[in-house]
Every structure is written in C-alpha cells, then in structure tokens.
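Remarks on the structure that follows.
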Amino acid sequence: MIKKFAKRFKRKPGSSVDARRVAIERMSRFNPLRRVEPGYIVRVHEEFNAGRLKEAAKLWDAIERTDDVCLVAAQKRKKAVSRHGFEIITDDDSPKARQHAEVLKYFYDQLVATRCDDRNIRGGLPLAIRNMMDAEGKRYAAHEIIWKPTPNGLTAELVFVPLWYFSNTTGELRLLNGIGDLTGEELQPGEWIVNAGSGVMESVAVAYMYKHLPLQDWLLVSEKYGIPIPVVKTTGNPGDDNWKAAEDAAAALGNCDGVVISASGSVEFPNVGTMTNLPQPALVERMDRSIATVWRGADLSTISADNQGASLQADETDLLEDDDAQNITDVLNEQLDRWAIYYATGDTEPKAWVKIKTGARDDIKHDLEIDRGLHEMGYEQDESDLQRRYNRSTLRRQALPSTPLANEDAVDDRAAGLRAATRSALAVAIADDLSPVVRRLEQILDDHDDYDALLDALERFQVDELPALAADVLTDPSAADAISDAMSANLFNGMSEVREGRDA
Numbered sequence: 013m014i015k016k017f018a019k020r021f022k023r024k025p026g027s028s029v030d031a032r033r034v035a036i037e038r039m040s041r042f043n044p045l046r047r048v049e050p051g052y053i054v055r056v057h058e059e060f061n062a063g064r065l066k067e068a069a070k071l072w073d074a075i076e077r078t079d080d081v082c083l084v085a086a087q088k089r090k091k092a093v094s095r096h097g098f099e100i101i102t103d104d105d106s107p108k109a110r111q112h113a114e115v116l117k118y119f120y121d122q123l124v125a126t127r128c129d130d131r132n133i134r135g136g137l138p139l140a141i142r143n144m145m146d147a148e149g150k151r152y153a154a155h156e157i158i159w160k161p162t163p164n165g166l167t168a169e170l171v172f173v174p175l176w177y178f179s180n181t182t183g184e185l186r187l188l189n190g191i192g193d194l195t196g197e198e199l200q201p202g203e204w205i206v207n208a209g210s211g212v213m214e215s216v217a218v219a220y221m222y223k224h225l226p227l228q229d230w231l232l233v234s235e236k237y238g239i240p241i242p243v244v245k246t247t248g249n250p251g252d253d254n255w256k257a258a259e260d261a262a263a264a265l266g267n268c269d270g271v272v273i274s275a276s277g278s279v280e281f282p283n284v285g286t287m288t289n290l291p292q293p294a295l296v297e298r299m300d301r302s303i304a305t306v307w308r309g310a311d312l313s314t315i316s317a318d319n320q321g322a323s324l325q326a327d328e329t330d331l332l333e334d335d336d337a338q339n340i341t342d343v344l345n346e347q348l349d350r351w352a353i354y355y356a357t358g359d360t361e362p363k364a365w366v367k368i369k370t371g372a373r374d375d376i377k378h379d380l381e382i383d384r385g386l387h388e389m390g391y392e393q394d395e396s397d398l399q400r401r402y403n404r405s406t407l408r409r410q411a412l413p414s415t416p417l418a419n420e421d422a423v424d425d426r427a428a429g430l431r432a433a434t435r436s437a438l439a440v441a442i443a444d445d446l447s448p449v450v451r452r453l454e455q456i457l458d459d460h461d462d463y464d465a466l467l468d469a470l471e472r473f474q475v476d477e478l479p480a481l482a483a484d485v486l487t488d489p490s491a492a493d494a495i496s497d498a499m500s501a502n503l504f505n506g507m508s509e510v511r512e513g514r515d516a
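Following the working numbering, the numbering of the sequence shown begins with 13 at its first residue and continues without gaps.
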C-alpha cells in the first residue's frame, strides 16, 4: 500500500520550513505595535499591495492577538465555520464513487493540522479550517501538504505557514528562502494549499490606530486628573519653616504629588469626574464597533438596541458563515481532494468530495411551514435542495400511501380521470411507436363501460398481455418510460384507489 502511494508522489515527504528557518525568523521578530501611527500604517499597506507581505502580515497578526475586540471577533468568525464537521458527497452511486468516498473519509478522519512555527499546536480538520480562515483577515493563507501513506490508507499533515514567509510580487504566493530573499520559490500543486479571503485586517489596522491614539490620550487624562491633588495653603513664605512644613504635608497626602500656595492664593484643577463630554470614549467605542462589524458582519452587542434589527444582523452573520464554508469546500475539493484520490487510486476524475457543513438556521420552523404548504398545493420540491437547506445528506423522498375516496361520486370522477390520464399517456406512447399496446388498450377502454369490469380487464391485460406486447419495445428508453408512467401510475394507484373508494 505505502509503495503504491510513493510511486505517485512528486517529491518525498518533508517540510520546506524547517526548525532552523523558524528559529532565525523568531530571533528577528520585532513588535510592530510600537510604531503604529498613520504614516507607518500607510507604508506597510502599500508594501503589502506591492507584494511585499512580511511587515503588514506581522502587524496584522500582532493586532489580532492583542486587541480585545479583534481577538474575539476573529475567533468567532473562524470557529463558526469549523465547528460543524464535514461530510463526503458523491457524484453518483457507482462502485468508483463509493471507493473514492472511502478514500476521503479515511483521509480526513486521520488528517493532522499544525503550524510550522509552533508545532505544539496540533489538531484535525477543524484546526486546518481555522488556519485557512486566516485568509479572511490577511487575504491569503497557505498550508504545506505532507502526505502520510499508511497501511490502512492515505492521509496527510497540513502545516500552516504564516504569511510573512511569502512574497506576492509576481501575483502568486512564493515561499521566501530566507530573510534576504525577495522573490522566493514557486509553490507546486499537490504540495501546497493556498486560499484567498477578504483581507479585513487592512481595514482593522486603520480602526486599531484610530482607537489606540485616543485611548492613549484618555489614559493620560486619567493619569493626570484621575486622583485629586492636595492643595495646602500656608501663611508662611517660600523657604521658611512654615512653607517647608506645608510641602511635607502635601507630599505625604498626595504620594509625593501636591501643591503648596500662600493663604491668599488659589489653584484650580479640572475635575475628571465632571468631564462628561470627553471625545475619547466615543471614538474608542466607534472603532470597537467597526472592528467587530468588519469581522462578523454585525455587532449585536452594541449596535442593536432592545434586539431591534437583530434578525437582519443574524442573517448577515449567517451569510458570511455559509460563504466561508463554501469557499473552504471549493479550495479543499480542488487542491486536496483531487490529489488524495489520485495518490490513493490513480484516478484523475474524482467522484467524491468533501463538504464543510454549516449549522441549522433558527428559521427552520418557518422553512418547514413553507415547504409543507407547497407540498399540499401540489408543488414538487427538489430533493438536493431539501438536503442542503436542512443539512440532511441522507434525506430521501418516501412514497405516501393512497387516500381512499370518500363517496361514489368521487369514485366515478376518479375513474373518469383514470380514463383521461390513460388516454393522455397513450398519446405519448403512439409517438414512440407503441401501436400494438395502444390498439389493445383502446379496445379494452371501448369494450367496458362498467368501471369494475374495466379495472378487471386492465389487470388481466397488465399481467397476461402487456409483457408480450412490450417485449419488442422495452429496450427503447422513451417507450419504457411511457409504459412505466401509464401502467404504474394509472393502473396500480388508480385501480387501488377506485376499489378502496367503492368499498368505503
């Protein structure tokens, strides 16, 4: 088994980012938050858009880890799409599709995810999805695929490589070989997974700057005026014993901060407790709301009042989760599923795929009421759509039992409908050259005016005559469909309903 897999690998397994490279990168790290000001933000964003990703990626990572609102909002966005698990879907029910599904099921059940710069962090597919969701913040995310053939099947280790290890000057991510490398090496298909996202951290970094500048000013105001400063008045003159005694008293009362003035003088200090119109709190709150909104699509905790608008904002959050799940699914299908099936079976056309599941919505009761009403009005529902909306991949339509007719008039109407429907099916059959069957059925319909006799004749025809008449035409698909529709739908259901109605 392992030898079979190894023959198809383009290179032997092994990480491109080794411990030495990680150690060098760690030793060269700096704190970009020390330099946050408008000019610096503009410069690193210009560098990022020019393809030099390192400085902006490190700045965004530091903001995401240290800003309280950004940390929570980003984690919620990432975990929303990783917490519902996955399923394997197939194109059809062929043996090949089932084989591919088994390959992918084992592959994803055994898959391991980690980081190149912190291998203490290990998990399964949910961790890999959260790492892929880093692209929603930083625009791109990259995983190196380390294939792991085992005696029981094929799996892999997905190693997340942070964005500052790459450049994008050519329009494609390239792995930098060291600190001085500017161009990097090409990422080979089957060895890397690269996904793109919204890149909201560019906007968040601006909001972070406008949040922390007034926050620093607010802290200075609190530092200067948050604790009252004692003012000691004295009748003495500067330098005499009374004045020195007043200075000692002011220092003792104010923890070395105090003011000594003459008895006739006065000093006024602003009282921070009366400063109700400071601009800093409003600016900080506004930026907090902006950060949460760009990450989550809504900020239910502060924007909504008395739950007004909560439903609409929840819909916006659901929209992002659904789109994230579909984006991750598409990337895995194209960049991982194809290669896993090829390496495991040698097949280049996959018939099975992974699908990242989403959560059931709160309006499922409303959807059920609508679907039930449509069913009662006679509208058919698409089975695949029902599976998707109710998150039930095994959902199958069941045949409903026939309902007996209530009275004789209804029975007669149903029998008349049977005759009309049968003639309609016969018209289709004529076009497909079923004239022998047509002539015999027309003869039966013309010879029997009594409904019970008609039904008995149709039963005998179906059992005794139809197989021989249809033997020569059943190989033709359109003829087979016509016979199936006319006989199965009208004869079986119609005759049973008419009999049950008459018995009632």
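Using N, Cα and C, we set each Cβ at its ideal position, and we do this for glycine too.
Just so we're clear, the structure is a prediction, and the values are computed from it rather than from any experiment.
**Item:** Beta-carbon contacts of residue 109 that lie in its chain and below 7 angstroms, excluding the five residues immediately before and after
**Value:** Counting from one through the sequence shown, the residue named residue 109 turns up at place 97. 102, 103, 363 and 364, listed in sequence order.
**Item:** Contacts around residue 214, its chain only, beta-carbon distance under 7 angstroms, and the 5 residues preceding and following it disregarded
**Value:** The residue you call residue 214 lines up with position 202 of the sequence shown. The answer, listed in chain order, is 57.
**Message:** Tell me the rounded alpha-carbon separation between residue 84 and residue 308.
**Reply:** Numbered from 1 along the sequence shown, position 72 holds the residue referred to as residue 84. Numbered from 1 along the sequence shown, position 296 holds the residue referred to as residue 308. Distance between the alpha carbons of residue 84 and residue 308: 10 angstroms.
**Proximal residues to residue 45 (C-beta, below 8 angstroms), its chain only, five neighbours per side dropped** = Sequence index remark: in the sequence shown, residue 45 carries index 33 (1-based). Closer than 8 angstroms at the Cβ level, and outside the excluded window around residue 45, lie 71, 74, 75 and 78.
**Prompt:** Rounded to whole angstroms, how far is the Cβ of residue 242 from the Cβ of residue 262, which I believe are closer than 8 angstroms?
**Reply:** Indexing the sequence shown from 1 puts residue 242 at position 230. Indexing the sequence shown from 1 puts residue 262 at position 250. Confirmed, Cβ separation roughly 5 angstroms.
**Request:** For the alpha helix (DSSP H) holding residue 215, just list the boundary residues, first then last.
**Result:** Counting from one through the sequence shown, the residue named residue 215 turns up at place 203. Here the alpha helix (DSSP H) through residue 215 covers 213–237.
**Message:** Taking the alpha carbon of residue 289 as the reference point, which residue from 69, 299 and 233 has its own alpha carbon closest?
**Reply:** Translated into positions along the sequence shown, residue 289 becomes position 277. It is 233.
**Reduced DSSP secondary structure (H/G/I, E/B, other) of residue 396** = Taking the first residue of the sequence shown as 1, we reach residue 396 at position 384. Here residue 396 sits in helix by DSSP.
**Message:** So, for residue 340: in the same chain, excluding its five sequence neighbours on each side, which residues have a beta-carbon less than 8 angstroms away from its beta-carbon?
**Reply:** Working through the sequence shown from its first residue, we reach residue 340 at position 328. Contacts found: 93, 141, 144, 145, 207 and 368.
**Asked** Where does residue 127 fall in DSSP's three states?
**Response** Working through the sequence shown from its first residue, we reach residue 127 at position 115. Residue 127 falls in the strand class under three-state DSSP.
**Prompt:** residue 352 and residue 116: beta carbons closer than 8 angstroms?
**Reply:** Taking the sequence shown and counting its residues from 1, the one referred to as residue 352 is at position 340. Taking the sequence shown and counting its residues from 1, the one referred to as residue 116 is at position 104. Against a cut-off of 8 angstroms, the Cβ pair of residue 116 and residue 352 comes out as a contact.
**Span of the beta strand (DSSP E), counted from its first residue to its last, around residue 143** = In the sequence shown, the residue the question calls residue 143 occupies position 131. Counting along the chain, residue 143 falls outside any beta strand (DSSP E), though it belongs to the alpha helix (DSSP H) covering 137–144.
**Request:** Can you grab the Cα-Cα spacing for the pair residue 113 / residue 390, in whole Å?
**Result:** Working through the sequence shown from its first residue, we reach residue 113 at position 101. Working through the sequence shown from its first residue, we reach residue 390 at position 378. Residue 113 and residue 390: Cα-Cα distance of roughly 36 angstroms.
**Prompt:** How many angstroms separate the CA atom of residue 343 from the CA atom of residue 205?
**Reply:** Locating residue 343 in the sequence shown gives position 331, counting from the first residue. Locating residue 205 in the sequence shown gives position 193, counting from the first residue. Spanning the two alpha carbons is a distance of roughly 8 angstroms.
**Request:** Taking only the alpha-carbon atoms, compute the straight-line gap between residue 235 and residue 229 and give it to the nearest angstrom.
**Result:** Along the sequence shown, one-based indexing puts residue 235 at 223. Along the sequence shown, one-based indexing puts residue 229 at 217. Looking at the two C-alpha atoms, the distance is approximately 10 angstroms.
**Item:** Alpha-carbon spacing of residue 252 relative to residue 296, whole angstroms
**Value:** Looking up residue 252 in the sequence shown gives position 240. Looking up residue 296 in the sequence shown gives position 284. Distance between the alpha carbons of residue 252 and residue 296: 49 angstroms.
**Message:** When you compare the segment 153–166 with the segment 45–55, are there three or more beta-carbon pairs, one atom per stretch, that lie closer than 8 angstroms?
**Reply:** no
**Request:** Measure the CB-CB distance between residue 170 and residue 187 and report whether it falls below 8 angstroms.
**Result:** Sequence index remark: in the sequence shown, residue 170 carries index 158 (1-based). Sequence index remark: in the sequence shown, residue 187 carries index 175 (1-based). Result no, Cβ atoms of residue 170 and residue 187 do not sit closer than 8 angstroms.
**Prompt:** Buried or exposed: which applies to residue 360, given that a residue is buried once 16 or more other Cβ atoms fall within 10 Å of its Cβ?
**Reply:** Within the sequence shown, numbered from 1, the residue matching residue 360 stands at position 348. Counting Cβ neighbours within 10 Å, residue 360 comes out exposed, since fewer than 16 surround it.
**Message:** Comparing C-alpha positions only, which one of 371, 223 and 259 sits nearest to residue 304?
**Reply:** Position 292 of the sequence shown holds residue 304. If we check each option's Cα against that of residue 304, 223 comes out closest.
**Asked** Are residue 473 and residue 451 closer than 8 angstroms when you measure CB to CB?
**Response** Walking along the sequence shown from the start, residue 473 turns up at place 461. Walking along the sequence shown from the start, residue 451 turns up at place 439. Going by C-beta atoms, residue 473 is not nearer than 8 angstroms to residue 451.
**Request:** Return the CA-CA distance between residue 126 and residue 299, expressed in angstroms with no decimal places.
**Result:** Locating residue 126 in the sequence shown gives position 114, where the first residue counts as 1. Locating residue 299 in the sequence shown gives position 287, where the first residue counts as 1. Residue 126 and residue 299: Cα-Cα distance of roughly 33 angstroms.
**Request:** Measuring alpha carbon to alpha carbon, tell me which of 366, 370, 347 and 348 ends up nearest residue 329.
**Result:** In the sequence shown, residue 329 corresponds to position 317, counting from 1. Among 366, 370, 347 and 348, the Cα nearest to that of residue 329 is on 370.
**Request:** Taking the CB atoms as reference points, tell me whether residue 86 and residue 149 lie closer together than 8 angstroms.
**Result:** Here residue 86 corresponds to residue number 74 of the sequence shown, with the count starting at 1. Here residue 149 corresponds to residue number 137 of the sequence shown, with the count starting at 1. Yes. Within cutoff.
**Item:** C-alpha gap between residue 59 and residue 193, whole angstroms
**Value:** The sequence position of residue 59 within the sequence shown is 47, counting from 1. The sequence position of residue 193 within the sequence shown is 181, counting from 1. Taking the straight line joining both Cα atoms gives about 15 angstroms.
**Prompt:** What are the partner residues of residue 367, as DSSP defines its beta bridges?
**Reply:** Position 355 of the sequence shown, counting from 1, holds the residue named residue 367. BP columns for residue 367 point to 99.
**Prompt:** How is residue 155 classed by DSSP in three states: helix, strand or coil?
**Reply:** The residue labelled residue 155 in the question sits at position 143 within the sequence shown. Three-state DSSP puts residue 155 in a strand.
**Prompt:** Is residue 206 helix, strand or coil when you go by DSSP?
**Reply:** Numbered from 1 along the sequence shown, position 194 holds the residue referred to as residue 206. The answer is strand: DSSP assigns residue 206 an E or B state.
**Request:** Identify the continuous beta strand (DSSP E) that holds residue 168 and give its terminal residues.
**Result:** Taking the sequence shown and counting its residues from 1, one reaches residue 168 at position 156. That run of the beta strand (DSSP E) goes 165–173.
**Three-way DSSP call (helix, strand, coil) for residue 362 in this model** = For this step, residue 362 is matched to residue 350 along the sequence shown. Residue 362 falls in the coil class under three-state DSSP.
**Request:** Using alpha carbons as the reference points, say which of 356, 380 and 28 lies closest to residue 164.
**Result:** As a working mapping, residue 164 is identified with position 152 in the sequence shown. Measuring from the Cα of residue 164, the nearest candidate turns out to be 356.
**Item:** Element boundaries [beta strand (DSSP E), containing residue 357]
**Value:** Start at 1 with the first residue of the sequence shown, and residue 357 comes out as number 345. Looking at the DSSP string, residue 357 is not in any beta strand (DSSP E); the run it does join, the alpha helix (DSSP H), is 350–357.
**Request:** Using beta-carbon positions only, say whether residue 294 and residue 272 come within less than 8 angstroms of one another.
**Result:** As a position in the sequence shown, residue 294 is number 282, starting the count at 1. As a position in the sequence shown, residue 272 is number 260, starting the count at 1. In this structure, residue 272 does not lie closer than 8 angstroms to residue 294 by Cβ.
**Message:** With the cut-off set at 8 angstroms, would you say residue 196 and residue 178 are in Cβ contact?
**Reply:** Translated into positions along the sequence shown, residue 196 becomes position 184. Translated into positions along the sequence shown, residue 178 becomes position 166. Going by C-beta atoms, residue 196 is nearer than 8 angstroms to residue 178.
**Message:** Output needed for residue 88: all residues of its chain with C-beta closer than 8 angstroms, excluding positions within five of it in sequence on either side, in chain order.
**Reply:** Here the question's residue 88 lines up with position 76 in the sequence shown. The residues are 307 and 308.
**Asked** Rounded to whole angstroms, how far is the Cβ of residue 69 from the Cβ of residue 175, which I believe are closer than 8 angstroms?
**Response** Taking the sequence shown and counting its residues from 1, one reaches residue 69 at position 57. Taking the sequence shown and counting its residues from 1, one reaches residue 175 at position 163. 4 angstroms between Cβ atoms; contact.
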